[in-house]
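Take 294 as the starting number for the sequence shown in the numbering used here and just add one per residue.
Step one of this worksheet: look at the structure below.
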Amino acid sequence: MIAFTLRRVLYSVLVLFGVNAVTFVLFFAVNTPDDMARMQLGRRIT
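Okay, here's the thing in structure tokens:
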């Protein structure tokens, strides 16, 4: 039972890490950091 629980916890951590990595990559593929700053500060910033 302990082995089963440890295996499930390990798989859960791996799934959470994978979802986090995919979300991070997709977010930065769509928006670059300078675009995000420009959205926050407005278009008149030099």
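We put the CB at the ideal spot given by N, CA and C, even for glycine.
| query | result |
| --- | --- |
| When DSSP labels each residue in this structure, what does Gly335 get in the three-state scheme? | coil |
| Between which two residues does the alpha helix (DSSP H) holding Asn324 run? | Careful: Asn324 lies outside any alpha helix (DSSP H) and carries neither H nor E. |
| Quick check: the Cα distance between Val323 and Gly311, rounded to an integer number of angstroms? | 18 Å |
| Roughly how many angstroms lie between the CA atoms of Met332 and Ala296, to the nearest whole one? | 49 Å |
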